[in-house]
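Protein chains in written order, with my numbering: chain A, 1 to 166; chain B, 167 to 426. Think of the CB as a built atom: it goes at the ideal place given N, C-alpha and C, for glycine as much as any other residue.
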Amino acid sequence: MTTSIEETWAALADLADPEIPVISLRDLGILRDVRAGAEGLEVVITPTYSGCPAMSQIEDDIRSTLKNKGISARVVTQLAPAWTTDWMTESGKEKLRAYGIAPPHQTPAAHNVVRFISRPAKAEAVPCPHCGSSNTVVSSQFGSTACKALYKCQDCQEPFDYFKPY
Amino acid sequence: MSTATDYLLHLADNALVLGQRNAEWCGHGPILEEDIALSNVSLDLIGQARLLYQLVASLQGGDATEDKLAYFRDTGEFRNYTLLELPHSGPLSGYAHASLDYGTTIVRNFLYSALMALLWEALEKSANADLAAIASKSLKEVRYHLRHSRDWLVRLGDGTDESHARTQAALDHLMPYTQEFWTGSPAEAAAFAAGIGVDLQTLKADWDGIVDGALTEATLKRPLLEGYVSEGKKGLHSEHLGFLLAEMQSLARAHPNGNW
Ligand SMILES: [Zn+2]
Numbered sequence: 001m002t003t004s005i006e007e008t009w010a011a012l013a014d015l016a017d018p019e020i021p022v023i024s025l026r027d028l029g030i031l032r033d034v035r036a037g038a039e040g041l042e043v044v045i046t047p048t049y050s051g052c053p054a055m056s057q058i059e060d061d062i063r064s065t066l067k068n069k070g071i072s073a074r075v076v077t078q079l080a081p082a083w084t085t086d087w088m089t090e091s092g093k094e095k096l097r098a099y100g101i102a103p104p105h106q107t108p109a110a111h112n113v114v115r116f117i118s119r120p121a122k123a124e125a126v127p128c129p130h131c132g133s134s135n136t137v138v139s140s141q142f143g144s145t146a147c148k149a150l151y152k153c154q155d156c157q158e159p160f161d162y163f164k165p166y
Numbered sequence: 167m168s169t170a171t172d173y174l175l176h177l178a179d180n181a182l183v184l185g186q187r188n189a190e191w192c193g194h195g196p197i198l199e200e201d202i203a204l205s206n207v208s209l210d211l212i213g214q215a216r217l218l219y220q221l222v223a224s225l226q227g228g229d230a231t232e233d234k235l236a237y238f239r240d241t242g243e244f245r246n247y248t249l250l251e252l253p254h255s256g257p258l259s260g261y262a263h264a265s266l267d268y269g270t271t272i273v274r275n276f277l278y279s280a281l282m283a284l285l286w287e288a289l290e291k292s293a294n295a296d297l298a299a300i301a302s303k304s305l306k307e308v309r310y311h312l313r314h315s316r317d318w319l320v321r322l323g324d325g326t327d328e329s330h331a332r333t334q335a336a337l338d339h340l341m342p343y344t345q346e347f348w349t350g351s352p353a354e355a356a357a358f359a360a361g362i363g364v365d366l367q368t369l370k371a372d373w374d375g376i377v378d379g380a381l382t383e384a385t386l387k388r389p390l391l392e393g394y395v396s397e398g399k400k401g402l403h404s405e406h407l408g409f410l411l412a413e414m415q416s417l418a419r420a421h422p423n424g425n426w
């Protein structure tokens with residue numbers, strides 16, 4: 001009796017990210033695929049950042065979830081195509097906002113380095129997840145984790161994390 | 167095979183050595199936000215190094231592992247730019263116990279990130295598909311490192327008299343080491359010939375543009391380059407790398423095959 005691909009997807013559907021538990025791995029776009037491999041089912045994940053310390057935790061979480069549900073599958077890490085915040089689902093972004101983290105903007109179409117550093121300020125206005133004001137300023141390029149920047153709202157005075165477009 | 171591994175080790179050692187240096191700020195940052203920022207930059211760099219060492223280990227086969235490459239090679243086997251192994255203490259390093267100088271840290275991160283933003287972008291087209299995948303990931307990361315260090319370069323350069331003077335001194339001290347970027351090595355030449363690597367000369371005009379633009383905004387003066395060209399990427403290092411490796415490798419060497 002083999003487990004189907006649909007059953008494996010369903011088993012992992014609600015598995016939460018260890019660092020931001022309000023959002024699922026699927027919503028984040030880390031869980032890329034479930035497929036039939038040469039040696040049985042394969043669950044394909046991709047790292048967010050090269051040095052993301054949560055990746056081994058994520059692998060362990062997937063393995064133990066599958067084991068608890070009696071599903072046998074291998075976890076495969078795949079680097080290409082590189083993870084992008086554009087893969088985050090709309091419902092995932094909404095969950096981030098409700099949790100107090102401003103969700104990422106769409107990444108710019110061109111990755112041109114020179115253009116990236118001479119950024120137009122207007123395009124990057126990040127609305128405050130608490131009061132919605134766009135009157136916000138960056139206080140640090142890196143927040144509690146590499147994937148977030150630290151912002152402050154000038155209206156409600158609350159600090160907040162911004163999930164950087166990536 | 168060795169063409170690829172020699173070149174990959176150069177890229178990996180760059181990331182690991184600068185990652186280790188930047189991590190020295192963990193718990194000692196000038197302000198909390200910068201402490202966290204530098205630790206995050208380190209985490210990215212060490213993550214890039216791990217991906218590259220894993221790739222080298224898979225090409226070497228046998229009992230090669232990422233940990234062996236990071237912890238059980240000695241100074242002469244490291245292939246990083248000399249620039250990246252220097253302490254954070256400006257031109258007095260080696261003569262006096264100078265305290266950590268944030269200007270030195272920022273200038274180095276800026277000069278290196280400006281290069282790597284261009285190099286990773288070019289390496290996305292590498293004939294080695296695994297390297298191309300690592301380049302795509304690393305490019306996303308280094309753009310934020312570049313933005314971070316550039317912002318601080320401008321802030322310190324165009325800041326107080328004290329911050330301006332210290333940043334200019336750091337620039338005068340470190341800029342000559344960037345000559346190593348543009349002086350080819352056998353490993354780079356072989357990797358370029360095999361379609362794996364990049365001809366660095368093709369990136370120089372863009373690098374100069376990024377550097378000059380930032381220095382102008384920071385009211386800093388670009389030093390003239392002359393004299394000794396460092397050769398860390400050929401394994402000829404300054405005395406500082408040995409101390410860095412001793413600190414980084416001692417635990418793994420005291421407990422070989424340790425697992426935790
Ligand atoms: Zn607000």
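Beta carbon proximity, residue i to chain B, threshold 8 Å
{"i": "Ser172/A", "result": "The structure shown has nothing for residue 172/A, since chain A only spans 1 to 166."}
{"i": "Gly29/A", "result": "no"}
{"i": "Leu79/A", "result": "yes"}
{"i": "Ala125/A", "result": "no"}
{"i": "Ala102/A", "result": "no"}
{"i": "Tyr166/A", "result": "yes"}
{"i": "Ala82/A", "result": "yes"}
{"i": "Ser24/A", "result": "no"}
{"i": "Ser139/A", "result": "yes"}
Interface flag, residue i vs chain A, CB-CB below 8 Å
{"i": "Glu199/B", "result": "yes"}
{"i": "Ile272/B", "result": "no"}
{"i": "Ile202/B", "result": "yes"}
{"i": "Leu340/B", "result": "no"}
{"i": "His174/B", "result": "For the sequence presented, residue 174/B should be read as Leu rather than His. No, because no Cβ of chain A sits closer than 8 Å to the Cβ of Leu174/B."}
{"i": "Leu206/B", "result": "The sequence given here places Asn at residue 206/B; Leu does not occur at that position. So, interface residue."}
Any non-hydrogen atom of ligand 1 within 7 Å of residue i CB
{"i": "Gly133/A", "result": "The question names Gly, but residue 133/A in the sequence shown is Ser. Yes; taking the cut-off as 7 Å, the Cβ of Ser133/A has a heavy atom of ligand 1 nearer than that."}
{"i": "His176/B", "result": "no"}
{"i": "Asp161/A", "result": "no"}
{"i": "Cys156/A", "result": "yes"}
{"i": "Cys52/A", "result": "no"}
{"i": "Cys192/B", "result": "no"}
{"i": "Cys128/A", "result": "yes"}
{"i": "Cys147/A", "result": "no"}
Residue burial classification, residue i (beta-carbon count within 10 angstroms, cutoff 16)
{"i": "Ser315/B", "result": "buried"}
{"i": "Glu200/B", "result": "buried"}
{"i": "Thr333/B", "result": "buried"}
{"i": "Leu402/B", "result": "exposed"}
{"i": "His311/B", "result": "buried"}
{"i": "Tyr394/B", "result": "exposed"}
{"i": "Glu392/B", "result": "exposed"}
{"i": "Trp426/B", "result": "exposed"}
{"i": "Cys153/A", "result": "buried"}
{"i": "Val137/A", "result": "exposed"}
{"i": "Asp179/B", "result": "buried"}
{"i": "Asp161/A", "result": "buried"}
{"i": "Gly323/B", "result": "buried"}
{"i": "Ser304/B", "result": "buried"}
{"i": "Asp240/B", "result": "exposed"}
Within-8 Å CB hit, residue i to chain D
{"i": "Leu209/B", "result": "Absent from the structure: chain D. Protein chains present are A and B."}
Chain A contacts from the stretch 290-313 of chain B (Cβ-Cβ distance under 8 Å): Ala295, Asp296, Ala298, Ala299, Ile300, Ser302, Lys303, Ser304, Leu305, Lys306, Glu307, Arg309, Tyr310, Leu312, Arg313
Using a beta-carbon distance cut-off of less than 8 Å, what residues from the stretch 141-164 of chain A approach chain B? Gln141, Phe142, Gly143, Ser144, Thr145, Ala146, Leu150, Lys164
Just to confirm the assignment: which complete alpha helix (DSSP H) runs, minimum length 4, are found wholly within the stretch 215-290 of chain B? 232-237, 268-289
Which residues, in order along the stretch 36-65 of chain A, keep a beta-carbon less than 8 Å from a beta-carbon of chain B? Pro47, Tyr49, Ser50, Gly51, Cys52, Pro53
Name the residues in the stretch 212-237 of chain B whose C-beta lies less than 8 Å from a C-beta of chain A; which are they? Ile212, Gly213, Gln214, Arg216, Leu217
Which of the residues in the stretch 358-384 of chain B, read from start to end, lie with their CB under 9 Å from any CB of chain A? Asp372, Gly375, Ile376, Gly379, Ala380
Segments assigned alpha helix (DSSP H), at least 4 residues, entirely inside the stretch 22-63 of chain A: 25-28
Those runs of the alpha helix (DSSP H) which lie wholly inside the stretch 278-348 of chain B and span at least 4 residues: 295-323, 327-340
Uninterrupted beta strand (DSSP E) stretches inside the stretch 69-93 of chain A (no shorter than 3 residues): 73-77
Quick one: complete alpha helix (DSSP H) runs, 4+ long, within the stretch 345-402 of chain B? 352-359, 370-383
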